[in-house]
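Here's the structure, in structure tokens; my notes come after.
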Amino acid sequence: MSELIKTKGIVLHEMSIKDHDKRIILFSKEFGKMIIFANGAKRAKSPLLAGTQPFVFGEFSVVENRNSYTLRQVIIDESFYELRNDMFTLAYSLYLLEVVNNVIQEMDPNDELLRLLYISLMTLKNGIHSGNIVKTVFQFRCMNMLGFAPDLSGCMECGNIDGVFTLHSRGGLVCDSCFNFKDKPMSNEAIHVLRYIQQAPLKKLFHFKINDELLSEIECKVQTYFSYFVTGKFKSLDILTTF
Ligand SMILES: [Zn+2]
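For the sequence shown, the working numbering gives the first residue as 148, with consecutive numbering after it.
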């Protein structure tokens, strides 16, 4: 008989199979990405219906059979259902799921990234920060967890800590003596915010205030840096450009 496996996780994606079944992608605490079949989960009375939707965080009981997993039960801790109340919040929330689905692998758990995703979704759910702030913080902190954290201590070429800097996709800050960059140097405030995002305990990650000008400065730099390391077509934010 197959053994029952229990793991905590967040549903990243759901796909319909036939008339009544689903296949979900779970970001699990113990096993990283898991592809799980949920038989009958589309039926209105199925006990698996509510627990197999994107964003659900809970305890998933599965059985393994010839390298595939079949879902037996979900105990929902948090459905994040409120993320669907606003189209923009939903778009940013789906973006986070898309990114995570892109960067994680099967049998490669990343508990810190799972916690970052949970905290980011909770911040969106509670309306603590707007979608673009959560996206930017998530992208930048995510770099740490994937091993691409930039060096923000000073110029990565000469060690200078007093010059004017920009963030370079080589992996950190560079100063204007070493690198003749054409874009505007970063403000000290922006570098300070990036250091905070990189180093703050996860529990306090979103405990800061930022004005629109500073946000647009770091949003642009972080997006460029992030796109250099994480490639992929993320469609969930396309809707934002149509308004
Ligand atoms: Zn330098």
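Quick reminder that beta carbons are idealized off the backbone N, C-alpha and C, glycines included.
1. Mind checking which residues open and close the alpha helix (DSSP H) that includes Met290?
2. Going along the chain, which residues put their C-beta within less than 5 Å of some heavy atom in ligand 1?
3. Output the distance between the C-alpha atoms of Pro194 and Arg231, rounded to the nearest integer angstrom.
4. Three Cβ pairs or more, each shorter than 8 Å: is that satisfied between the region 266-277 and the region 218-232?
5. Among Lys155, Lys153, Arg190 and Ser208, which residue has its Cα nearest to the Cα of Ile164?
6. What is the DSSP secondary structure of Glu245, counted as helix, strand or coil?
7. Evaluate His339 with the Cβ neighbour count: other Cβ atoms within 10 Å of its Cβ, from every protein chain shown; 16 or more gives buried, anything less gives exposed.
8. Is the closest heavy atom of ligand 2 to the C-beta of Tyr228 under 7 Å?
9. Three-state secondary structure (DSSP) at Ile357?
10. Quick check: the Cα distance between Ile365 and Gln286, rounded to an integer number of angstroms?
11. Assuming Leu299 and Gly318 make a contact with CB atoms under 8 Å, what is their CB distance in whole Å?
12. Can you give me the Cβ contacts of Pro256 inside the same chain, cut-off strictly under 8 Å, excluding the 5 residues immediately before and after it?
13. Counting only the same chain and skipping the five closest in sequence on each side, list residues whose C-beta sits under 6 Å from that of Leu387.
14. For the beta strand (DSSP E) that contains Ser267, what are its first and last residues?
15. Taking the alpha-carbon positions, what's the Phe376 to Ala296 distance?
16. Taking the alpha carbon of Ile223 as the point to measure from, which residue in Met292, Phe326, Val158 and Ser383 has its own alpha carbon closest?
17. In the DSSP assignment, the beta strand (DSSP E) including Val210 goes from what residue to what residue?
18. Which two residues bound the contiguous beta strand (DSSP E) that contains Glu161?
19. Please state whether the Cβ-Cβ distance between Thr199 and Glu225 is less than 8 Å.
The structure says:
1. Gly278 to Met292
2. Cys302, Glu304, Cys305, Asn307, Cys322 and Cys325
3. If you take the alpha carbons of Pro194 and Arg231, they lie about 21 Å apart.
4. yes
5. Arg190
6. helix
7. Exposed, since its Cβ has fewer than 16 Cβ neighbours within 10 Å.
8. This structure does not include ligand 2; its bound ligands are ligand 1.
9. In the structure shown, the three-state DSSP call for Ile357 is coil.
10. 11 Å
11. Going by Cβ atoms, the distance from Leu299 to Gly318 rounds to 10 Å, so no, they are not a contact pair.
12. Taken in chain order, the residues that qualify are Ser175, Lys176, Glu177, Phe178 and Gly179.
13. Ala238
14. Run containing Ser267: none in the beta strand (DSSP E); it sits in the alpha helix (DSSP H), Asp258 to Lys272.
15. 10 Å
16. Val158
17. Phe204 to Asn212
18. Leu151 to Ile164
19. no
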